[in-house]
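Trainee: Dropping the structure in here first, questions after.
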Amino acid sequence: MYQARLKSLVVAVAGVVSVHSQAYAANKAEILETGTVEVVSTTPLPSVGTSIDQVPANVQAASSKAIAEQHNLDVSELIDANLGSVTINNTVANPYQADVYFRGFAASPLLGTPQGLSVFMDGVRVNEPFGDIVNWDLIPSNAIASINLIPGSNPLFGLNTLGGALSIHTKSGSDFPGLAVTASGGSWGRRALEAEYGDKQGSVDYYVAGNAFHEDGWRDHSPSDVNQLFGKVGWQNDTSDLDLSVMFADTDLNGTQALPLSMWNKRRQAYSWPDNIGNNLGMVTLKGSHFLADDKLVAANVYYRANRIVGFNSNLVGDLAGVVEARNIASTTDQDGFGGALQLTLLGDLAGHHNQFTAGASVDLGRVDFRSDTQQAIVTAERQTVADPANPNFLPTVRLKTRNDYYGLYATDTFSFNDMLHLTLSGRYNIAKIKLSGANLNAGTDLSGNHRYSRFNPAIGLNFNPSKAIGFYGAYNEGMRAATPVELSCADKNNPCALPNAFVSDPHLQMVVSRTWEGGARGSLGHGLGWNMALYRTENDNDILFITTSGAANGFFANVGKTRRQGLELGLNGKLEKFSFTANYGFTDATFQSQFTSISAANSAAGFDCGGAAAADTICVHKGNKIPGIPRHTLKLRLGYEITPEWTVGSNIVTASGQYARGDENNRDRSGKVPGYTVVYLDTRYSVNENWKLFARINNIFDREYSAFGVIGANAFAPGASVANANTWVPEQFRSPAAPRAAWVGVTYEFGKPKGAAGAGKSDND
Numbered sequence: 186m187y188q189a190r191l192k193s194l195v196v197a198v199a200g201v202v203s204v205h206s207q208a209y210a211a212n213k214a215e216i217l218e219t220g221t222v223e224v225v226s227t228t229p230l231p232s233v234g235t236s237i238d239q240v241p242a243n244v245q246a247a248s249s250k251a252i253a254e255q256h257n258l259d260v261s262e263l264i265d266a267n268l269g270s271v272t273i274n275n276t277v278a279n280p281y282q283a284d285v286y287f288r289g290f291a292a293s294p295l296l297g298t299p300q301g302l303s304v305f306m307d308g309v310r311v312n313e314p315f316g317d318i319v320n321w322d323l324i325p326s327n328a329i330a331s332i333n334l335i336p337g338s339n340p341l342f343g344l345n346t347l348g349g350a351l352s353i354h355t356k357s358g359s360d361f362p363g364l365a366v367t368a369s370g371g372s373w374g375r376r377a378l379e380a381e382y383g384d385k386q387g388s389v390d391y392y393v394a395g396n397a398f399h400e401d402g403w404r405d406h407s408p409s410d411v412n413q414l415f416g417k418v419g420w421q422n423d424t425s426d427l428d429l430s431v432m433f434a435d436t437d438l439n440g441t442q443a444l445p446l447s448m449w450n451k452r453r454q455a456y457s458w459p460d461n462i463g464n465n466l467g468m469v470t471l472k473g474s475h476f477l478a479d480d481k482l483v484a485a486n487v488y489y490r491a492n493r494i495v496g497f498n499s500n501l502v503g504d505l506a507g508v509v510e511a512r513n514i515a516s517t518t519d520q521d522g523f524g525g526a527l528q529l530t531l532l533g534d535l536a537g538h539h540n541q542f543t544a545g546a547s548v549d550l551g552r553v554d555f556r557s558d559t560q561q562a563i564v565t566a567e568r569q570t571v572a573d574p575a576n577p578n579f580l581p582t583v584r585l586k587t588r589n590d591y592y593g594l595y596a597t598d599t600f601s602f603n604d605m606l607h608l609t610l611s612g613r614y615n616i617a618k619i620k621l622s623g624a625n626l627n628a629g630t631d632l633s634g635n636h637r638y639s640r641f642n643p644a645i646g647l648n649f650n651p652s653k654a655i656g657f658y659g660a661y662n663e664g665m666r667a668a669t670p671v672e673l674s675c676a677d678k679n680n681p682c683a684l685p686n687a688f689v690s691d692p693h694l695q696m697v698v699s700r701t702w703e704g705g706a707r708g709s710l711g712h713g714l715g716w717n718m719a720l721y722r723t724e725n726d727n728d729i730l731f732i733t734t735s736g737a738a739n740g741f742f743a744n745v746g747k748t749r750r751q752g753l754e755l756g757l758n759g760k761l762e763k764f765s766f767t768a769n770y771g772f773t774d775a776t777f778q779s780q781f782t783s784i785s786a787a788n789s790a791a792g793f794d795c796g797g798a799a800a801a802d803t804i805c806v807h808k809g810n811k812i813p814g815i816p817r818h819t820l821k822l823r824l825g826y827e828i829t830p831e832w833t834v835g836s837n838i839v840t841a842s843g844q845y846a847r848g849d850e851n852n853r854d855r856s857g858k859v860p861g862y863t864v865v866y867l868d869t870r871y872s873v874n875e876n877w878k879l880f881a882r883i884n885n886i887f888d889r890e891y892s893a894f895g896v897i898g899a900n901a902f903a904p905g906a907s908v909a910n911a912n913t914w915v916p917e918q919f920r921s922p923a924a925p926r927a928a929w930v931g932v933t934y935e936f937g938k939p940k941g942a943a944g945a946g947k948s949d950n951d
């Protein structure tokens, strides 16, 4: 009787039953987390989830198996190589500091980048409180069980979900048992040690993963050190599931700036240095769920997240009087984030039809203490910025404290008219309160201010699945993001600031509101072949951009009106005997839809594209101009072949078309686009026996010279230019060169893992 009721429950939730062990059948909460039912997390807090054929969006996924096979460095590298409509801008040439773009919306570790993606880890929002940035170096990739990329302005995921949400779920000991230790090394002095262990004893399971990584960097003065530790303890009985996880990270990353094209004959050199970021993280999360009845599930989580970022930035300033050459800026950002969520899911029928209703509330609070100091500097013959002997002291510049209080109430309901037709209605009411107190001591300006944003964001979607071989969907949804403390403290055109840390004033900015239409289809062609397609359009109102006033980093944030991202996605995947493949094509048309002016003195069209009414350093951006940094076409291919049962090979091929450089928002600079590229990766794995595995990976096997980022600027080191006199600097397009060919080899020792299950298992996802 009990198992019959449980089977009916699973059918109502996902439409599919795949109960393969009595161990899981003893736990109603855990059976919904096994991964044997294909479900997607449609709310930030993992719950029962929704069957993929009832989700009105082109959801993409990556698993622990892909991570184990490809040995990607981090999350950003994994999704760039595998998921459609994803690209990266590696602006500072550090592998852990990539700007990730999806459908033209960014999740970046760099302050000042407009953030349009929300990122969650086990239901906790990990966009940092100060600037909504995402620190990829803090997420241990070997602890990841699965990743869901949910497109569109899904209101359920709250603030910053303009173009999509990335939901990461970590491993548990019951589903990833055994020991695995991996050592690897190779090009650029890279050496890494990874270890993980999981086990289950009765109703308790535990999992731990640790990583230590060092690399000298392929460009000069760009070493990286990354240390990560993740642990989880879980308990469950037949109606409840409880997980306590902790995460620690200590990283030290050095980046190098983009190079002017005239210096590309030596791509390894740094333009100026040093530029360093140190990250320290401590995080604890408690997550649980409990079945009040067979059709009623309550879930909750609470978390605390402490992050300290210590930065040191070199800045060429070229005083016009020919006196000051550079300034060094040292900053410390202490961020405390804490909060939680509570939600209730009802699975009972409604009017005789299957129905799934979820309602919840969330609170995310942030407390930030930011400090920056400035030092006058000179530039050495090696282009290092060192303290000016005549004035070596650091002077206090900015002292700023911020409070973020984010509240949300949300609900979603999926009503099944029959087995083929499903209607989803969702909505979320957001309140964001931001308080700033402090001053720019150097400029004598007050940074204090209070800001409040609130809005109800709705969504509606319809799925029609006439057969198991094909399904159609259509959806409309809305999202929002509040201006961040970073943007609010640098939003006065009369008092521009120098990113990432010289904030000067605090006028109000309007919130960004996004509206997304999406329609598509997916299905199966039989013989293990699957396909999908999607058409979408997202329009932002009151979009926030950084408007430059002089140089590439000086300016202010402003609402610039409307922007639009629209496009097409096509996907095909399958497995034919020993051969497997995945192909994803993305077309992204990202444009400005309102006219505004910006300062880009190095742009060759400055002063000429505004009808003669603008200053010589001003560019006019018109409706229809392409947004820089976003390729229109991308193609991702993943090919795999099993040479023998013990030996497999795989390859990722990534193609992206050209993009406009930052500073060329008017699309008229004579240096033209940053060219497109195709880069090929190769990986192979060999099982010596059940315990020992060997692997190798080659990046950029054809040693292509290319760039995924460009910016218009002025070269202080051009022939005849004086670093101290900015009037002599030469306008050029700068690009960040991509890494050349590199290879790494490694060995893994495994013990106690299920045979043939390396990298497989279920996630703590739904």
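For what it's worth, my numbering labels the leading residue of the sequence shown as 186, then goes sequentially.
Yeah, the Cβ is synthetic: ideal placement off N, Cα and C, and Gly gets one too.
Since the structure is predicted, the reported quantities are computational estimates derived from the model, not experimental observations.
(1) The alpha helix (DSSP H) spanning residue 670 covers which residue range?
(2) Should residue 541 go down as buried or exposed, given a rule of 16 or more other Cβ atoms within 10 Å for buried?
(3) With three or more beta-carbon pairs closer than 8 Å as the criterion, would you say the segment 371–379 touches the segment 350–359?
(4) When you compare only the Cα positions, how much space is there between residue 772 and residue 348?
(5) Can you find the residues in the same chain that come closer than 7 Å, C-beta to C-beta, to residue 936, ignoring five residues on each side of it along the sequence?
(6) Cα separation between residue 589 and residue 629?
(7) Label residue 220 either buried or exposed according to how many other C-beta atoms from any shown protein chain fall within 10 Å of its C-beta, with 16 as the threshold for buried.
(8) Considering residue 760, what are the terminal residues of the beta strand (DSSP E) in which it resides?
(9) Whole angstroms is fine: what's the gap from residue 840's alpha carbon to residue 754's?
(10) Is the beta carbon of residue 370 sitting closer than 9 Å to the one on residue 407?
(11) Measuring straight from C-alpha to C-alpha, what distance separates residue 674 and residue 385?
(12) Please go through the segment 244–307 and give each complete alpha helix (DSSP H) segment of 4 or more residues, from N-terminal end onward.
(13) How is the beta strand (DSSP E) around residue 851 delimited, first residue to last?
(14) Is it buried or exposed, residue 417, if we count other Cβ atoms within 10 angstroms and call 16 or more buried?
(15) Is residue 511 closer than 9 Å to residue 457 when the C-beta atoms are compared?
(16) Using DSSP with H/G/I as helix, E/B as strand and the rest coil, what is residue 315?
(17) Can you name the start and end residues of the beta strand (DSSP E) that residue 776 belongs to?
(18) Between residue 224 and chain D, is any beta-carbon pair separated by less than 9 Å?
(19) DSSP three-state call for residue 342: helix, strand or coil?
(20) Let me check one thing: in DSSP terms, what residues is residue 432 bridge-paired to?
(21) Residues in its own chain within less than 7 Å of residue 662 by CB, not counting five upstream and five downstream?
(22) How many Å lie between residue 218 and residue 894 at the Cα?
(23) Going by DSSP, what residue range makes up the beta strand (DSSP E) through residue 827?
(24) If you reduce the DSSP assignment to three classes, tell me which class residue 228 lands in.
(25) What separation, rounded to the nearest whole angstrom, lies between the Cα atoms of residue 398 and residue 412?
(26) What residues match up with residue 453 in a beta bridge as DSSP calls it?
(27) In angstroms, rounded to a whole number, what distance separates the CA positions of residue 557 and residue 583?
(28) Just curious, the beta strand (DSSP E) that residue 649 is in, first and last residue?
(29) Out of curiosity, what's the CA-to-CA distance linking residue 403 and residue 442?
(30) Could you tell me the alpha carbon to alpha carbon distance between residue 549 and residue 523, rounded to whole angstroms?
(31) Who are the near neighbours of residue 938 in its chain, counting only those whose CB is closer than 6 Å to its CB and skipping five residues on each side?
(32) Three or more C-beta pairs closer than 8 Å, one from the segment 715–731 and one from the segment 750–767: is that the case here?
(33) How many whole angstroms separate the CB atoms of residue 315 and residue 518, which I take to be in contact at a CB cut-off of 8 Å?
(34) Could you tell me whether the Cβ atoms of residue 616 and residue 592 are closer together than 9 Å?
(35) Between the alpha carbons of residue 765 and residue 570, how many angstroms are there, rounded?
(36) Residue range of the beta strand (DSSP E) that residue 716 falls in?
Mentor: Quick look at the numbers:
(1) 670–673 is the extent of the alpha helix (DSSP H) around residue 670.
(2) buried
(3) Using a C-beta cut-off of 8 Å, the segment 371–379 makes no contact with the segment 350–359, since fewer than three inter-stretch Cβ pairs fall below that distance.
(4) 15 Å
(5) 363, 364, 876
(6) 25 Å
(7) Residue placement at residue 220 cannot be trusted, given a pLDDT of 39 that sits under 50; what the coordinates show is reported in the next sentence. Answer is buried; the Cβ neighbour count reaches 16.
(8) 748–761
(9) 14 Å
(10) no
(11) Spanning the two alpha carbons is a distance of roughly 50 Å.
(12) 249–255, 260–267
(13) For residue 851, there is no enclosing beta strand (DSSP E), as DSSP gives it neither H nor E.
(14) Taking a 10 Å sphere around the C-beta of residue 417, we find 16 or more other C-beta atoms and assign the residue as buried.
(15) Yes; because the gap between Cβ atoms is below 9 Å, this pair is in contact.
(16) Residue 315 sits in coil when the DSSP states are folded into three classes, being neither helix nor strand.
(17) 764–777
(18) In summary, chain D is missing from the structure at hand, where a single protein chain is found.
(19) helix
(20) 415, 468
(21) 337, 338, 339, 340, 644, 701
(22) For residue 218, the predicted model reports a pLDDT of 45, less than 50, meaning its position is unreliable; a value from the coordinates is still stated below. Approximately 40 Å, taken between the alpha carbons.
(23) 818–827
(24) For residue 228, the secondary structure class from DSSP, reduced to helix, strand or coil, is coil.
(25) 6 Å
(26) Paired residues: none, contrary to the question.
(27) 5 Å
(28) 634–652
(29) 13 Å
(30) Cα to Cα, residue 549 sits roughly 6 Å from residue 523.
(31) 363
(32) yes
(33) Your pair residue 315 and residue 518 checks out as a contact, with CB atoms roughly 6 Å apart and the cut at 8 Å.
(34) yes
(35) 51 Å
(36) 714–726
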